[in-house]
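The structure appears right after this line, and notes come after that.
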Amino acid sequence: MGAYTVVLWNPSTRRSRRLPYAPIEFPNQPRYFVSRVYGFGYDGVSDDYKLVRIVVLKGREDDSLHYEVKVYSLRSNSWHRVEEKFPHYPDLNRVGGVLASGNLHWIVNEETERGKTNLIVSFDLGCEEYGLVPQPEFTHPRFYADVEALGGCLSLICNYYLTHIDIWVMKEYGVKESWTKLISMAQPGTLRSFQNVRPIGYSKSGGQLLLQHGPLKLLWYDLKRKTCKSVKIRDVHDLSQVVMCVGSLVSLKSGRGERERKKKQEQEEKNM
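The sequence shown maps to residues 1 to 272 in the UniProt record's numbering.
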């Protein structure tokens, strides 16, 4: 596996930082490369920004899956390995982990007697440990699952492709009973298919939900009227992925965390 470059970019300051190279270190047994997925977020415990990299390899002889998890710390500008094994098999349709309540999240697959089932695996950026997030009670368990962050809360997208799509929001993190079904949308004329539909965020009033449908279309969904309308963006002819961005003045060069940056700013204001 050849070298590759990972860069952190702060869109608020327009500054970037090239991360040090982190080799993929597995025993010498021949393996196929399967995937490389990431997750990025703020660790409020250590006041640090961290990038998590998960590499998946498959054995040539027995098709067994092997994982390597490494974490990059902006504060120390270095990588370290997480020895605890990543549970289950990550959904390769999602390259980046979803950040909510100080945890990164991925959908993983588990083989059962009834076939594959979806689980939500969390990675706590503070203690760097894995966990499973409880899911709501489903009437129909067969669907394509994905996770997103909505208004700071973890959300679960249950895509039934030909019939409808359900979007759930976990109002209180880690509490199963706090799951609330935000929308259950039957396929309107605006959408030919529910494939690749994902929520982006709420409108300022909170009455509408912005959805991305595939690489080319954005939609406003009215939560009260249960209607969709297309969003026109001038001079944008192709969209890969739309994400919510929260502005930050954290310096990628200094490696200071959010609390340290605010403390320094307050001190400078006092000295003026």
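Think of the CB as a built atom: it goes at the ideal place given N, C-alpha and C, for glycine as much as any other residue.
This structure is a prediction, so every number in the text was calculated from the model and none was measured.
### Task
List in chain order: all unbroken beta strand (DSSP E) runs of 3+ residues lying wholly within the stretch 39 to 81.
Counting only unbroken stretches of 3 or more residues, the beta strand (DSSP E) elements lying wholly within the stretch 39 to 81 are 48 to 59 and 65 to 73, in sequence order.
### Query
For I24, is the classification buried or exposed, using 16 other Cβ atoms within 10 angstroms of its Cβ as the cut-off for buried?
The residue in question, I24, is exposed, as its Cβ has fewer than 16 Cβ neighbours within 10 Å.
### Message
Taking the straight line between their C-alpha atoms, what separation do you get for L252 and P20?
### Response
In a straight line, the C-alpha of L252 is about 13 angstroms away from that of P20.
### Message
Please report the straight-line C-alpha distance between T13 and G247, rounded to a whole angstrom.
### Response
Approximately 9 angstroms, taken between the alpha carbons.
### Query
Which one of N77, F86 and F33 has the shortest CA to CA distance from Y67?
Minimum Cα distance to Y67 is reached at F86.
### Query
Is the beta carbon of A145 sitting closer than 7 angstroms to the one on W79?
Contact annotation: A145 and W79 have beta-carbon atoms that are not nearer than 7 angstroms.
### Query
What's the gap between the Cα of Y38 and the Cα of T5?
When the Cα atoms are used, Y38 and T5 turn out to be separated by approximately 13 angstroms.
### Task
Quickly, what does DSSP pair H213 with across the bridge? List them, please.
Under DSSP, H213 takes part in a beta bridge, and its partners are V197 and K217.
### Task
Decide if W9 is buried, meaning its Cβ has at least 16 other Cβ atoms within 10 Å, or exposed.
If you draw a 10 Å sphere on the C-beta of W9, you find fewer than 16 other C-beta atoms in it, and that means exposed.
### Message
My parser needs the beta strand (DSSP E) runs of 3 or more residues fully inside the stretch 88 to 148; what are they?
### Response
Counting only runs of 3 or more, we get 98 to 100, 103 to 112, 115 to 124 and 129 to 133.
### Query
I think Y202 touches G151, with their Cβ atoms under 8 angstroms apart; what is that distance to the nearest whole Å?
About 6 angstroms; that satisfies the 8 angstroms criterion.
### Query
CB-CB under 7 angstroms to V34, same chain, minus the five flanking residues each way: which ones, in chain order?
Answer for V34: V56, L57 and K58, listed in chain order.
### Task
Tell me whether the beta-carbon of residue 276 lies closer than 7 angstroms to the beta-carbon of D43.
In the structure displayed, the chain extends from 1 to 272; residue 276 sits before or after that span and is not available.
### Task
Could you round the C-beta distance between residue 283 and L218 to whole angstroms and report it? I think they count as a contact, below 8 angstroms.
Outside the modelled stretch of the chain, which goes from 1 to 272, sits residue 283, for which no answer is possible.
### Task
With DSSP collapsed to three states, give me the class of R234.
Three-state result, R234: coil.
### Under the three-state DSSP convention, the category R259 falls into
If DSSP states are grouped into helix, strand and coil, R259 belongs with the helices.
### Proximal residues to R18 (C-beta, below 7 angstroms), its chain only, five neighbours per side dropped
Here the set comprises T5 and V7.
### Task
For S16, name the three-state secondary structure that DSSP assigns.
DSSP, read as helix, strand or coil, puts S16 in strand.
### Query
According to the Cβ coordinates, are W220 and V231 closer than 7 angstroms?
Yes; because the gap between Cβ atoms is below 7 angstroms, this pair is in contact.
### Query
Hey, I183 and I200: beta-carbon distance below 7 angstroms or not?
In this structure, I200 does not lie closer than 7 angstroms to I183 by Cβ.
### Message
Does H213 pass the burial test, meaning 16 or more other C-beta atoms within 10 Å, or should it be called exposed?
### Response
When all chains shown are included, H213 counts as buried.
### Message
Give me the residue from K116, E110 and F143 with the minimum Cα distance to L132.
### Response
Nearest of K116, E110 and F143 to L132, Cα basis: E110.
### Message
Can you give me the C-alpha to C-alpha distance between K229 and D222, rounded to a whole angstrom?
### Response
CA-to-CA, the gap between K229 and D222 works out to about 9 angstroms.
### Query
Do you know offhand how far W179's Cα is from M170's?
Roughly 4 angstroms separates the two Cα atoms.
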